[in-house]
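A quick write-up on the structure given underneath.
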RNA sequence: GGAGAGGUGGCUGAGUGGUCGAAAGCACUGGUCUUGAAAACCAGCGACGGGCAACCGUCCCAGGGUUCGAAUCCCUGCCUCUCCGCCA
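Residue numbers (this note's numbering): 133 to 558.
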């Protein structure tokens, strides 16, 4: 949520910054809601003040054994007036909430202008695509040859955009997750956390998926939603909390499945496991001191990059432009890994600083020793990295001419020393 | 699933329908004392919103209700704990 003070006092500044996203703030609507709010709040509060005054004197009069008939008469119609004013106020507040909850975060000044991914800014590249002296297969054909990836069976069990993994491929998938968890907990000093995979609407509102993006989520009965990312349960760990200063920064790593409807992406990446309804992800989350969040974003991004570097997978880092920026983010670096079959870089991690945007929605605070007062903390998160896409990247980048796949050295300890997965001759 | 108890400030924990935003303790902050620290003593100390300000309002799990007035009474929901049963 954008700071309400900023919205009220400098709406045109907010409008300018939101324009970076290609979003037009309805200043007129904002002004009219705010005018109504002021009127009804003032009226409600003065009626409440009067009621409180009279009620207190009734109490005193009764204590003194005096008659209270006159006092009672003087508040006769007050209750109804108050009810009406209060109803109006609640309506206005609801309009305000709906309006502000639907506003995305303000992009940071370092976010490049632009409308879509073609305007994203290249930050750096690491490694260079391997020169293959044969025509690379994509992971679907590779996986089929290894008899480890089976989309047809998955379609029969569940539907499209699911996969069944078996044998050494399933093990490789698990090895990737284990490797990432160990890297982040042991080398990068994250605390491992296990959370619910079903969450309530409040948590989703806290991180910003609701109320605007319900169609992206799988809702199950009883008001639960499947998590679209571990960001939701992990960040909400701090919801409603007031953390002590020495608890910051709090850094969590979680390995969870993620579930997404992928509504609106019909026809996109229909082949293979790039875009699935269910996928695993290792997620990094920081809860930080407000002064440290920009540094935290750089460090978290580096931690995600370390995964790709240790796997020796070529990638690049891009700074998302305003139009490509997610709803809650103030700034996002995407890590894009090289896929030989597509001869292009594909997103494998997204690292964002949300500043106090999520913290305000979920009331995640810390106590500032300078002031002794609670203050909003900052949240930062990123994938470290998407496990399914990492599997795709390993399969494709480590494929051999005979259809086998060598195992990256970093993963071999997690594969029982296996150095290669071989094609099963048909 | 059955039976019971309870949800109050950063924490523990009192609270009679009427100066209760709420006792007390802990924690925290400032001061006295001390070479310094601790202890002791004194003082201060909830959050959120509105207003230039004086000040006003809201909040004792959440939502309704009764009342001139609700932390306190009534209803509903959520959550926690204890016991029994069942269970990966």
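Note that CB positions come from ideal geometry on N, CA and C, so glycine has one too. Because the structure is a prediction, the values reported are computed rather than measured.
Opening and closing residue of the alpha helix (DSSP H) in which residue i lies
| i | result |
| --- | --- |
| residue 535 | From DSSP, residue 535 is part of no alpha helix (DSSP H); its letter is neither H nor E. |
| residue 411 | Careful: residue 411 lies outside any alpha helix (DSSP H), inside the beta strand (DSSP E) at 410 to 420. |
| residue 327 | No alpha helix (DSSP H) contains residue 327, which DSSP labels as neither H nor E. |
| residue 289 | 283 to 289 |
| residue 218 | 210 to 233 |
| residue 140 | 136 to 141 |
| residue 478 | Residue 478 -> not in any alpha helix (DSSP H); beta strand (DSSP E) instead, spanning 476 to 485. |
| residue 493 | 489 to 494 |
| residue 272 | 271 to 277 |
| residue 338 | 333 to 339 |
| residue 202 | 201 to 206 |
Selection from the options that minimises the alpha carbon distance to residue i
| i | options | result |
| --- | --- | --- |
| residue 150 | 137, 138 and 236 | 236 |
| residue 138 | 238, 419, 466 and 395 | 238 |
| residue 496 | 345, 393 and 366 | 366 |
| residue 157 | 215, 170 and 231 | 231 |
| residue 464 | 432, 142, 494 and 493 | 432 |
| residue 439 | 522, 240, 345 and 477 | 522 |
| residue 183 | 154, 215, 388 and 153 | 215 |
| residue 442 | 461, 543 and 194 | 543 |
| residue 229 | 325, 257, 342 and 475 | 342 |
| residue 154 | 248, 303, 306 and 327 | 248 |
| residue 167 | 181, 210, 221 and 482 | 221 |
| residue 254 | 482, 277 and 448 | 448 |
| residue 140 | 162, 402 and 152 | 162 |
| residue 309 | 520, 169 and 194 | 520 |
Own chain residues within Cβ distance below 6 Å of residue i, not counting five before or after
| i | result |
| --- | --- |
| residue 538 | 530 and 552 |
| residue 190 | 200 and 203 |
| residue 293 | 408 and 409 |
| residue 479 | 466 and 468 |
| residue 525 | 445 and 469 |
| residue 133 | 232, 492 and 493 |
| residue 256 | 449 |
| residue 193 | 200 |
Span of the beta strand (DSSP E) around residue i
| i | result |
| --- | --- |
| residue 513 | 510 to 518 |
| residue 499 | 497 to 500 |
| residue 258 | 253 to 258 |
| residue 450 | 447 to 451 |
Residue i - DSSP class collapsed to helix/strand/coil
| i | result |
| --- | --- |
| residue 196 | coil |
| residue 434 | helix |
| residue 164 | helix |
| residue 382 | strand |
| residue 318 | helix |
| residue 552 | strand |
| residue 562 | There is no way to answer for residue 562, as the model of the chain reaches only from 133 to 558. |
| residue 185 | helix |
| residue 468 | strand |
| residue 365 | helix |
| residue 358 | strand |
| residue 376 | coil |
| residue 243 | coil |
| residue 301 | helix |
| residue 311 | helix |
| residue 400 | coil |
| residue 352 | strand |
| residue 507 | strand |
Cβ shell of residue i (< 7 Å), same chain only, five flanking positions each side left out
| i | result |
| --- | --- |
| residue 186 | 203, 206 and 207 |
| residue 435 | 316, 320, 416 and 516 |
| residue 395 | 347 and 348 |
| residue 392 | 348, 360 and 409 |
| residue 240 | 462 and 463 |
| residue 322 | 316, 383, 384, 385 and 416 |
| residue 536 | 552, 553, 554 and 555 |
Beta-carbon contacts of residue i that lie in its chain and below 8 Å, excluding the five residues immediately before and after
| i | result |
| --- | --- |
| residue 499 | 374, 375, 376, 377, 505, 506 and 507 |
| residue 217 | 172, 175, 176 and 179 |
| residue 252 | 244, 246, 450, 451, 452, 453, 456 and 466 |
| residue 289 | 296 |
| residue 356 | 330, 331 and 332 |
| residue 265 | 533 |
| residue 372 | 494, 495 and 496 |
| residue 165 | 224, 227, 228 and 231 |
Whole-Å CB distance - residue i paired with residue j, under 8 Å assumed
| i | j | result |
| --- | --- | --- |
| residue 233 | residue 337 | 7 Å |
| residue 381 | residue 419 | 6 Å |
| residue 425 | residue 368 | Wrong, their Cβ atoms sit about 18 Å apart, outside the cutoff. |
| residue 227 | residue 340 | That pair is no contact at about 20 Å. |
| residue 302 | residue 546 | 13 Å between Cβ atoms; not a contact. |
| residue 351 | residue 388 | At roughly 18 Å, the Cβ-Cβ gap does not stay under 8 Å, so residue 351 and residue 388 are not in contact. |
| residue 93 | residue 541 | Missing from the structure shown is residue 93; the chain here goes from 133 to 558 and no further. |
| residue 473 | residue 270 | 3 Å |
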